[in-house]
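With positions in the first sequence counted from 1, the corresponding number in the working numbering is that position plus 41. Glycine included, each C-beta is placed from N, C-alpha and C at the ideal position. Small disclaimer: the values here were computed from a predicted structure and weren't measured.
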Amino acid sequence: MLKVYNSLTQKKEKFVPLTDKKVRMYVCGITAYDSCHLGHARAAIAFDVVYRYLKFLGFQVDYIRNYTDIDDKIINRSKESGMPWKELTGRYIKEYQEDMQSLNVLPPTREPRATEHIPHMTKAIQKLIENKMAYASQTGVYYSVRSFKDYGKLSHKKIEELESGARIEIDETKKDPLDFALWKKAKPGEPEWESPWGKGRPGWHIECSAMSTEYLGQPFDIHGGGRDLIFPHHENEIAQAEGACAKSFCKYFLHNGFVNIDAEKMSKSKKNFKTIKEVIAERDAEVVRYFLISAHYGSPIDFTDRNMKDARAALDRYYLLQQRLSALPDFKSSKVAKAESGVEKELADSLKNLPKRFQEAMDEDFNTAGALGGLFETIRLFNKYLDSLQGKNPPFASWAKSEWEKHQKVFQDVLGVFVSKPETYFERLKKIHAKVHRVDVALIEKKIEERRQARHAKDFKLGDEIRNELLKMGVEIKDKPDGTTEWHLR
RNA sequence: GGCGCGGUAGCAAAGGGGUACUGCAUUGGUCUGCAAAACCAACAUACGCCGGUUCGAUUCCGGCCCGCGCCUCCA
Numbered sequence: 042m043l044k045v046y047n048s049l050t051q052k053k054e055k056f057v058p059l060t061d062k063k064v065r066m067y068v069c070g071i072t073a074y075d076s077c078h079l080g081h082a083r084a085a086i087a088f089d090v091v092y093r094y095l096k097f098l099g100f101q102v103d104y105i106r107n108y109t110d111i112d113d114k115i116i117n118r119s120k121e122s123g124m125p126w127k128e129l130t131g132r133y134i135k136e137y138q139e140d141m142q143s144l145n146v147l148p149p150t151r152e153p154r155a156t157e158h159i160p161h162m163t164k165a166i167q168k169l170i171e172n173k174m175a176y177a178s179q180t181g182v183y184y185s186v187r188s189f190k191d192y193g194k195l196s197h198k199k200i201e202e203l204e205s206g207a208r209i210e211i212d213e214t215k216k217d218p219l220d221f222a223l224w225k226k227a228k229p230g231e232p233e234w235e236s237p238w239g240k241g242r243p244g245w246h247i248e249c250s251a252m253s254t255e256y257l258g259q260p261f262d263i264h265g266g267g268r269d270l271i272f273p274h275h276e277n278e279i280a281q282a283e284g285a286c287a288k289s290f291c292k293y294f295l296h297n298g299f300v301n302i303d304a305e306k307m308s309k310s311k312k313n314f315k316t317i318k319e320v321i322a323e324r325d326a327e328v329v330r331y332f333l334i335s336a337h338y339g340s341p342i343d344f345t346d347r348n349m350k351d352a353r354a355a356l357d358r359y360y361l362l363q364q365r366l367s368a369l370p371d372f373k374s375s376k377v378a379k380a381e382s383g384v385e386k387e388l389a390d391s392l393k394n395l396p397k398r399f400q401e402a403m404d405e406d407f408n409t410a411g412a413l414g415g416l417f418e419t420i421r422l423f424n425k426y427l428d429s430l431q432g433k434n435p436p437f438a439s440w441a442k443s444e445w446e447k448h449q450k451v452f453q454d455v456l457g458v459f460v461s462k463p464e465t466y467f468e469r470l471k472k473i474h475a476k477v478h479r480v481d482v483a484l485i486e487k488k489i490e491e492r493r494q495a496r497h498a499k500d501f502k503l504g505d506e507i508r509n510e511l512l513k514m515g516v517e518i519k520d521k522p523d524g525t526t527e528w529h530l531r
């Protein structure tokens with residue numbers, strides 16, 4: 042039974058979709074005016090895992106993730122750069138999609154853009170005006186926050202408290218400082234669309250309530266996004282959707298935690314961000330994805346060199362086992378091989394329990410960290426078994442391998458990691474690290490060849506000297522039984 | 001000031017009323033010409049502090065301290 046932490050109720054609740062076997066989910070995407078950073082990657086991956094797990098559970102999932110392709114930041118950036126807004130947003134949407142592909146994030150069912158849904162938004166605004174929840178002024182149309190009695194139910198804030206803390210805004214024709222814009226009238230030279238209140242553009246919040254309800258209906262099941270969107274963005278979406286048609290907006294609100302740098306939130310305004318492209322180039326996309334799912338999606342996660350190295354080490358451990366396993370014969374028989382020795386029984390049990398343990402963890406609000414814990418326990422036992430193998434009971438060996446591979450499929454499908462061939466993975470990392478640490482691969486290989494010759498001539502002293510020399514360069518070597526030597530960078 | 005999230009070993013991170021999944025690091029060992037990898041063993045006098053409930057709490061309740069976040073755009 043899947044349970045999810047619902048920000049609305051502040052509790053972990055049983056997940057029961059509104060329509061049997063169907064899940065309708067909307068996640069706030071990006072504002073396309075600049076390159077995306079790790080924080081955006083985290084949100085995307087968090088909900089990608091939600092999407093994948095729901096599908097794994099057999100739900101038919103309708104997953105919408107939007108692009109904000111018009112707003113003040115876009116207009117400003119367009120002015121600064123001289124690039125037309127449409128070209129600008131097109132460029133960054135494309136870049137985002139490339140980033141998502143490298144991170145193995147599945148495309149949602151639909152990725153609507155705000156500017157393609159202006160008529161729906163104006164219709165929604167009209168409805169709000171009719172319901173006396175909104176009013177037009179000289180500068181645009183505003184939502185009257187006080188007219189919505191449930192305002193604050195998501196962020197658990199009270200209007201009076203907001204009032205006292207509200208910052209003073211200049212040049213507003215709002216009736217109340219808390220009211221927010223549904224429609225902004227265009228200033229000369231700004232992008233504009235027709236509306237009953239004059240040419241202009243939609244406010245930020247209306248796009249999400251309009252597009253989500255257009256594609257998913259009202260109410261729908263899951264609304265996701267970063268924690269920073271709880272207020273005011275999601276709070277305002279609720280006010281708009283429920284103010285317009287007196288039906289509940291969405292059943293479960295899920296929010297992901299931030300990526301921190303030095304224990305502080307990564308963000309554009311603090312200028313302490315790392316773009317997705319940068320991090321992928323420096324540490325590998327699969328390592329980045331592993332890192333981001335190694336903690337629960339709702340908690341903060343600290344981006345540090347050490348944490349990234351740990352993530353890489355864990356993934357290395359996984360692929361090292363895969364490499365060992367490739368030497369085992371494939372499973373041919375249809376009969377389940379019997380575990381004989383103690384280690385075999387231990388491994389067989391662990392393999393048997395792995396899917397259960399995986400699902401139990403994932404059922405607890407998508408606990409990816411817990412799921413990985415179970416996997417690594419099996420990895421340890423598999424290594425132990427392989428160490429004690431000595432060619433006994435080969436049917437069990439190949440059966441265990443096939444069981445393992447069967448379960449890997451689930452991890453790959455749901456978590457989106459462990460998807461490479463071991464050789465490809467190590468090759469990729471070798472290249473990245475050689476580049477990042479500026480080491481000369483040709484030189485390393487030359488040294489290794491020198492060492493091979495020295496060892497062949499039984500000159501172990503020279504061989505060890507070369508090995509130490511390489512170690513000083515950060516190169517670690519591994520002599521394989523077949524006489525070849527592998528290397529990797531520390 | 002209001003609201004929210006969190007504080008688990010050297011680091012990271014699960015768990016959860018009956019004495020702690022996992023990854024990295026450290027120490028000793030097995031293996032290896034030596035290494036590396038792997039495996040074995042050791043490593044938290046009990047999970048921020050103080051009270052309460054309980055036969056029993058790190059896990060529940062209350063208070064406190066500390067960190068982070070939102071209250072302006074933000075994944």
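**Request:** Determine the contact status of L388 and Y426, defining contact as a CB-CB distance below 8 Å.
**Result:** Contact: yes.
**Item:** Straight-line gap, L98 to T156 (C-alpha atoms, nearest Å)
**Value:** C-alpha separation (whole angstroms): 35 Å.
**Request:** Go ahead and pull the three-state DSSP assignment for R479.
**Result:** In the three-state reduction of the DSSP assignment, R479 falls in the coil class.
**Asked** From P232 to I116, what distance separates their C-alpha atoms?
**Response** Answer to the nearest angstrom: the Cα atoms are 8 Å apart.
**Message:** Just to confirm my understanding: we take G239, look at its own chain, exclude 5 residues before and 5 after, and list those with CB closer than 7 Å. What are they?
**Reply:** Contacts found: K226.
**Asked** In the DSSP assignment, what residue or residues form a beta bridge with T526?
**Response** Partner(s): D520.
**Prompt:** What does a CB cutoff of less than 8 Å around P424 pick up in its chain, not counting 5 residues either side in sequence?
**Reply:** Inspection of the sequence shows that residue 424 is occupied by Asn rather than by Pro. Excluding residues within five positions, the ones whose Cβ falls inside 8 Å are L362 and R365.
**Request:** If I'm right that A222 touches S250 with Cβ under 8 Å, what's the distance once you round it to whole angstroms?
**Result:** Going by Cβ atoms, the distance from A222 to S250 rounds to 14 Å, so no, they are not a contact pair.
**Member of L144, G241 and G123 whose CA lies at the smallest distance from the CA of A84** = When each option's Cα is compared against that of A84, the closest is L144.
**Item:** F272 - DSSP class collapsed to helix/strand/coil
**Value:** Assignment of F272 by DSSP, reduced to helix, strand and coil, places it in the helix class.
**Message:** Between V146, R469 and L49, which has its C-alpha nearest Q453's C-alpha?
**Reply:** The shortest Cα separation from Q453 among V146, R469 and L49 belongs to V146.
**Request:** Tell me where the beta strand (DSSP E) around L295 begins and ends.
**Result:** That run of the beta strand (DSSP E) goes C291 to N297.
**Message:** Less than 8 Å between the beta carbons of T60 and D103, yes or no?
**Reply:** Here T60 is not near D103, since their CB atoms are 8 Å or more apart.
**Request:** Identify the continuous beta strand (DSSP E) that holds A175 and give its terminal residues.
**Result:** From DSSP, the beta strand (DSSP E) with A175 extends over A175 to A177.
**Sequence-distant residues of the same chain with beta carbon closer than 7 Å to Y292, five excluded per side** = The residue you asked about is not Tyr; residue 292 is Lys in the sequence shown. Once the five neighbours on either side are set aside, the close Cβ partners of K292 are L59, P260 and D262.
**Asked** Does the segment 298-308 touch the segment 45-56, meaning 3 or more C-beta pairs lie closer than 8 Å?
**Response** With fewer than three CB-CB distances shorter than 8 Å, the segment 45-56 does not count as touching the segment 298-308.
**Prompt:** Using the rule of at least 16 other Cβ atoms within 10 Å of the residue's Cβ for burial, across every protein chain shown, is H478 buried or exposed?
**Reply:** Here H478 is exposed. Its C-beta has fewer than 16 other C-beta atoms within 10 Å.
**Asked** Can you give the beta carbon distance from A475 to L530, rounded, assuming they're within the 8 Å contact cut?
**Response** Between L530 and A475 the Cβ distance is about 7 Å, and since that is below 8 Å, they are a contact.
**Prompt:** V68 bridges to which residues according to DSSP?
**Reply:** In the DSSP output, where bridge partners are listed per residue, V68 has R106 and G265.
**Asked** Between the Cα of A326 and the Cα atoms of S461, S188, V45 and I518, which residue gives the shortest distance?
**Response** Across the set S461, S188, V45 and I518, the C-alpha of S461 shows the shortest separation from the C-alpha of A326.
**Asked** What's the call for T419, buried or exposed, on a 16-neighbour Cβ count within 10 Å?
**Response** Answer is buried; the Cβ neighbour count reaches 16.
**Request:** Using 10 angstroms around the beta-carbon of R421, count the other beta-carbons present and answer buried if the total reaches 16, otherwise exposed.
**Result:** Taking all protein chains in view, the Cβ of R421 is surrounded by fewer than 16 other Cβ atoms within 10 Å, so the residue is classified as exposed.
**C-beta contact flag for L257 and R65 at 8 Å** = In this structure, R65 lies closer than 8 Å to L257 by Cβ.
**Per-residue DSSP class, three states only, for P243** = Reduced to three states, the DSSP call for P243 is strand.
**Message:** Just list the residues that DSSP pairs K216 with in beta bridges.
**Reply:** None; K216 has no bridge partner.
**Prompt:** Do you know offhand how far Y92's Cα is from H497's?
**Reply:** Going by the C-alpha atoms only, they are around 55 Å apart.
**Request:** Please report how far the alpha carbon of L512 lies from the alpha carbon of F501, in whole angstroms.
**Result:** Straight-line Cα distance between these residues: approximately 16 Å.
**Prompt:** Among P396, K379 and K472, which one has its Cα closest to the Cα of P435?
**Reply:** Among P396, K379 and K472, the Cα nearest to that of P435 is on K379.
**Asked** Quick one, which of V45, D428 and K135 has its alpha-carbon nearest G265's?
**Response** Comparing C-alpha distances from G265 to each of V45, D428 and K135 shows the shortest one belongs to V45.
**Item:** Contact belief for R324 with I473 at Cβ below 8 Å, rounded distance in angstroms
**Value:** Correct: roughly 7 Å between the Cβ atoms.
**Asked** For the beta strand (DSSP E) that contains W535, what are its first and last residues?
**Response** Only positions 42 to 531 of the chain appear in the structure, and residue 535 is not among them; the question remains open.
**Asked** So what does DSSP say about D404, is it helix, strand or coil?
**Response** It is helical.
**Request:** Taking all protein chains shown into account, decide if S119 is buried (16 or more other Cβ within 10 angstroms of its Cβ) or exposed.
**Result:** It is buried - the Cβ of S119 has at least 16 other Cβ atoms within 10 Å.
**Asked** Span of the beta strand (DSSP E) holding N47?
**Response** First-last of the beta strand (DSSP E) with N47: K44 to N47.
**Prompt:** Taking Cβ to Cβ, would you say M307 is nearer than 8 Å to L79?
**Reply:** Yes, Cβ-Cβ distance for M307 and L79 is below 8 Å.
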